[in-house]
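Sequential numbering from 63 applies to the sequence shown in our numbering.
The structure under discussion appears below in the form of structure tokens.
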Amino acid sequence: MLLVLAVKEWATNLLELRFLVCASLCVFLGVVSVFVLRADLVAKRTDFHTNQGVYRSQAEEYGSYGQLKRQGVRVDRPPQNFQVLFYGVEKTLDRNAVISDDYLPGFEGDINSNPSVLLFPVADLLFVVGVVLSLLAFFMSYDAVAGERERGTLKLLLSYSVPRDTIILAKWMGGYLSLALPFLVALALSALLISISDDIPFRGSDWEAFAVAGVVSLLLIAVMFSIGLLVSVRARQSATAILSLLALWVFLALVLPNSGPYFAEIVSPVPGVGEVERTIAQRTKGLSDEYRAGWRRGGRRMRDMTREQRARFRRERTEAREQLTAAVNEATEEVIRDFERQLRQQIEVARTITRLSPVAAFVYANTDIGETGVRHERRLVNGLREYQHQFARYVAEKQEGSSGGSDFGFGEDEDYDIEDLPVFQQREDDLSDRLAARSIDILLLAVFAILFFMAAFLSFLRTDIT
């Protein structure tokens with residue numbers, strides 16, 4: 063009986079115009095998003111490989127290891143394959159970083175990028191599932207019970223010897239399959255486009271992440287359909303149900319995810335950029351003043367110095383400059399790391415607040431599974447800093463064995479050669495580690511799906527059909 067009723071519910075949904083519209087829209091957006099974001103990925107990969115050669119050529123023209131130490135080498139943000147599905151933080155215009163011996167590196171804005179791309183949401187699978195399908199889930203479920211109650215068919219059905227629990231379970235199964243079918247078709251077509259495209263080099267671990275992301279998406283669809291079914295059970299009229307669900311969708315998909323970071327700023331404030339810069343300036347001012355004072359004192363005595371004394375004074379000043387640079391870098395890093403610690407705390411507060419929305423939990427889970435989320439951004443910055451240490455060791459070793467030039471970068475080194483200069487490479491995280499990091503979000507989606515279905519189930523068992 064359960065299977066018969068579920069198939070009947072599913073077949074009824076398939077014959078409705080709203081299902082055809084919803085299914086067509088889902089498949090269309092899913093396929094088009096992969097096409098569009100594939101072109102964007104190709105452009106980024108081309109720029110990335112071209113810029114690698116350009117940056118290497120610029121570093122080769124410096125002529126001395128001292129100049130290389132001061133000017134540094136530029137690196138670009140490596141493009142992520144999963145941006146064709148979940149764009150995430152790849153939308154940012156901050157794509158370049160300078161790796162030198164001074165200060166902590168970080169990505170900067172690309173002046174050649176069009177800032178208008180930040181004005182509109184990206185139509186990736188996050189948008190298709192989190193916004194479009196979540197709304198369609200409400201459109202498919204709002205009259206599942208309320209509509210039949212108005213038409214009198216529900217009372218007629220219950221006049222037969224059909225248990226209430228069988229009816230509500232069949233309605234959930236049939237309605238959920240009606241939503242899952244177009245999504246699975248869109249997912250299959252996306253996988254086909256990715257597999258036949260040489261520009262998207264998905265490997266085994268990427269396909270595993272693809273499958274896990276699909277399961278997480280199905281969990282969100284289950285949550286949103288269960289919410290719609292619950293409201294349909296509780297509402298006396300279909301109009302009341304659809305209006306209530308539209309208001310709820312606005313709150314869950316738009317208001318809560320976007321307002322969470324603002325509440326986090328109140329609960330866990332973080333100093334602004336200007337305040338951080340002033341703190342750094344205050345901590346380093348005394349060090350810089352002491353260094354300049356030493357130069358002035360020595361400059362007044364240089365007229366009376368012998369050649370050997372002048373050479374010794376310059377060596378002392380060079381050592382003092384290196385000590386100053388190290389002390390300034392240490393003070394700067396301390397301030398920045400303290401700022402980053404507070405920022406991480408604020409991010410966790412924002413996540414805790416926004417996780418009350420299943421849409422936010424879905425976004426956190428799938429962007430980190432696809433390595434286009436906040437966790438990947440943090441690992442990318444940490445990778446830059448590790449590369450900075452490699453760069454500094456490389457330059458120091460080259461300077462020890464070089465002839466000519468200077469620590470200040472003036473002059474040229476006759477044996478200047480950076481053929482073996484380390485290249486920045488971002489290490490990918492294992493899928494198991496990504497899943498462990500986002501297990502709470504996946505678990506929350508599963509709990510939401512169970513809780514809302516059970517609420518709809520119990521409400522239907524006790525509701526007054528008349």
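Every residue, glycine too, gets a C-beta built ideally from N, C-alpha and C.
Check: Can you tell which of 202, 220 and 260 has its C-alpha closest to the C-alpha of residue 104?
Finding: Against the sequence shown, residue 104 aligns to sequence position 42. Closest by alpha carbon: 260.
Next item on the list: Give the range of the alpha helix (DSSP H) segment to which residue 495 is assigned.
Entry: The residue given as residue 495 occupies position 433 in the sequence shown. 493 to 499 is the span of the alpha helix (DSSP H), which, as asked, contains residue 495.
Item checked: Bounding residues of the alpha helix (DSSP H) (the contiguous stretch that carries residue 271) -> Here the question's residue 271 lines up with position 209 in the sequence shown. 266 to 296 is the span of the alpha helix (DSSP H), which, as asked, contains residue 271.
Check: Would you call the segment 80 to 95 and the segment 118 to 136 in contact, with 3 or more CB pairs under 8 Å?
Finding: no
Next item on the list: Report the option in 267, 146 and 112 whose CA atom is closest to the CA atom of residue 490.
Entry: Reading the sequence shown from its first residue, position 428 is the one you call residue 490. Among 267, 146 and 112, the Cα nearest to that of residue 490 belongs to 267.
Next item on the list: Decide yes or no for the touch test of the segment 389 to 409 against the segment 320 to 333: beta carbon pairs closer than 8 Å, at least 3 of them.
Entry: With the cut-off at 8 Å, the segment 389 to 409 and the segment 320 to 333 touch.
Item checked: Cβ-based burial, residue 269 [other Cβ within 10 Å; buried from 16] -> Along the sequence shown, read from residue 1 onward, the residue named residue 269 stands at position 207. Answer is exposed; the Cβ neighbour count stays below 16.
Check: Are the CB atoms of residue 483 and residue 159 nearer to each other than 8 Å?
Finding: Position 421 of the sequence shown, counted from the start, is the residue given in the question as residue 483. Position 97 of the sequence shown, counted from the start, is the residue given in the question as residue 159. For residue 483 and residue 159, no; Cβs fall outside 8 Å.
Check: For residue 207 versus residue 522, is the C-beta spacing smaller than 8 Å?
Finding: As a working mapping, residue 207 is identified with position 145 in the sequence shown. As a working mapping, residue 522 is identified with position 460 in the sequence shown. Contact: yes.
Note to self: If the criterion is Cβ atoms closer than 8 Å, does the pair residue 293 and residue 307 meet it?
What the structure shows: Here residue 293 corresponds to residue number 231 of the sequence shown, with the count starting at 1. Here residue 307 corresponds to residue number 245 of the sequence shown, with the count starting at 1. Going by C-beta atoms, residue 293 is nearer than 8 Å to residue 307.
Margin query: Just to confirm the assignment: which complete beta strand (DSSP E) runs, minimum length 3, are found wholly within the segment 136 to 164?
Written below: 156 to 161
Item checked: Nearest candidate by alpha-carbon position, reference residue 153, set 215, 430 and 434 -> Start at 1 with the first residue of the sequence shown, and residue 153 comes out as number 91. Residue 153 has its Cα closest to that of 434, out of 215, 430 and 434.
Notebook entry, point to check: So which of 442, 72, 203 and 71 has the shortest CA-CA distance to residue 25?
Noted result: Any answer about residue 25 is impossible in this case: the structure gives the chain only from 63 up to 528.
Margin query: Could you check whether residue 316 and residue 191 sit closer than 8 Å to each other, using their CB atoms as the reference points?
Written below: One-based indexing of the sequence shown puts residue 191 at position 129. One-based indexing of the sequence shown puts residue 316 at position 254. No, the pair does not count as a contact, with Cβ atoms beyond the cut-off.
Next item on the list: Please confirm if residue 282 has its CB atom under 8 Å from at least one CB of chain C.
Entry: The chain inventory of the structure shown lacks chain C, comprising one protein chain alone.
Check: In three-state terms, what does DSSP make of residue 192?
Finding: Numbered from its first residue, the sequence shown carries residue 192 at position 130. If DSSP states are grouped into helix, strand and coil, residue 192 belongs with the helices.
Margin query: Applying the 10 Å Cβ sphere with the 16-neighbour rule, what's the burial state of residue 507?
Written below: Working through the sequence shown from its first residue, we reach residue 507 at position 445. Buried, because 16 or more other Cβ atoms sit within 10 Å of the Cβ of residue 507.
Next item on the list: Quick one: measure Cβ to Cβ for residue 150 and residue 251, integer angstroms, because I've assumed they're closer than 8 Å.
Entry: The residue you call residue 150 lines up with position 88 of the sequence shown. The residue you call residue 251 lines up with position 189 of the sequence shown. The C-beta separation of residue 150 from residue 251 comes to about 21 Å, leaving the pair out of contact by the 8 Å criterion.
Item checked: Residues near residue 519 in its chain [Cβ-Cβ closer than 6 Å; skip 5 each side] -> Taking the first residue of the sequence shown as 1, we reach residue 519 at position 457. Residues 230 of the same chain have their beta carbon placed closer than 6 Å to that of residue 519, with the five preceding and five following residues left out of the count.
Next item on the list: Measure the C-alpha to C-alpha separation of residue 319 and residue 189 and round it to an integer number of angstroms.
Entry: Indexing the sequence shown from 1 puts residue 319 at position 257. Indexing the sequence shown from 1 puts residue 189 at position 127. Between residue 319 and residue 189, the C-alpha separation is close to 13 Å.
Check: Can you give the Cα-Cα distance for residue 445 and residue 393, rounded to whole angstroms?
Finding: Residue 445 sits at position 383 when you count from the first residue of the sequence shown. Residue 393 sits at position 331 when you count from the first residue of the sequence shown. Their backbone Cα atoms lie some 21 Å apart in a straight line.
Margin query: Quick check on the DSSP output: the alpha helix (DSSP H) that includes residue 215 runs from which residue to which?
Written below: As a working mapping, residue 215 is identified with position 153 in the sequence shown. Start and end: 215 to 220.
Next item on the list: State the Cα-Cα distance for the pair residue 471 and residue 387, rounded to the nearest angstrom.
Entry: Locating residue 471 in the sequence shown gives position 409, where the first residue counts as 1. Locating residue 387 in the sequence shown gives position 325, where the first residue counts as 1. Confidence at residue 471 is low in this model, with a pLDDT of 47, below 50, so the placement of that residue should be treated as unreliable; the coordinate-derived value is given next. Taking the straight line joining both Cα atoms gives about 15 Å.
Check: In whole angstroms, what separates the C-alpha of residue 478 from that of residue 117?
Finding: Translated into positions along the sequence shown, residue 478 becomes position 416. Translated into positions along the sequence shown, residue 117 becomes position 55. The alpha-carbon atoms of residue 478 and residue 117 are separated by roughly 16 Å.
Notebook entry, point to check: Quick one: Cα of residue 163 to Cα of residue 510, how far?
Noted result: Here residue 163 refers to the residue found at position 101 of the sequence shown. Here residue 510 refers to the residue found at position 448 of the sequence shown. Roughly 49 Å separates the two Cα atoms.
Checklist line | Contact belief for residue 27 with residue 500 at Cβ below 8 Å, rounded distance in angstroms | finding: Since the first residue of the chain shown is 63 and the last is 528, residue 27 is not available in this structure.
Margin query: Considering just the uninterrupted stretch of the alpha helix (DSSP H) at residue 450, what are its terminal residues?
Written below: Taking the sequence shown and counting its residues from 1, the one referred to as residue 450 is at position 388. If you look at residue 450, you'll find it in the alpha helix (DSSP H) that goes 436 to 462.
Item checked: Euclidean distance between Cα positions of residue 69 and residue 77 -> Your numbering for residue 69 matches position 7 in the sequence shown. Your numbering for residue 77 matches position 15 in the sequence shown. The alpha-carbon atoms of residue 69 and residue 77 are separated by roughly 12 Å.
Margin query: Going by DSSP in three states, residue 251 sits in which element: helix, strand or coil?
Written below: As a working note, residue 251 is residue 189 in the sequence shown. In the structure shown, residue 251 sits in a helix (DSSP, three-state: H, G or I).
Item checked: Cβ-heavy atom distance, residue 449 to the ligand ADP, below 7 Å -> The ligand ADP is absent from the structure shown, which contains no ligands of any kind.
Notebook entry, point to check: What number of angstroms, rounded off, separates the C-alpha of residue 418 from the C-alpha of residue 242?
Noted result: Counted from its first residue, the sequence shown places residue 418 at position 356. Counted from its first residue, the sequence shown places residue 242 at position 180. Taking the straight line joining both Cα atoms gives about 23 Å.
Check: Taking the continuous alpha helix (DSSP H) assigned at residue 133, which residues delimit it?
Finding: Residue mapping note: residue 133 aligns to position 71 of the sequence shown, counting from 1. Taken as a continuous stretch (DSSP letters only), the alpha helix (DSSP H) holding residue 133 covers 127 to 133.
Next item on the list: Would you decide whether residue 374 is buried or exposed? Buried here means 16 or more other CB atoms lie within 10 Å of its CB.
Entry: Here residue 374 refers to the residue found at position 312 of the sequence shown. Around the CB of residue 374, fewer than 16 other CB atoms lie within 10 Å, so the residue is classed as exposed.
Next item on the list: Using 10 angstroms around the beta-carbon of residue 137, count the other beta-carbons present and answer buried if the total reaches 16, otherwise exposed.
Entry: Numbered from 1 along the sequence shown, position 75 holds the residue referred to as residue 137. Buried.
Check: In whole angstroms, what separates the C-alpha of residue 455 from that of residue 169?
Finding: Numbered from 1 along the sequence shown, position 393 holds the residue referred to as residue 455. Numbered from 1 along the sequence shown, position 107 holds the residue referred to as residue 169. Answer to the nearest angstrom: the Cα atoms are 22 Å apart.
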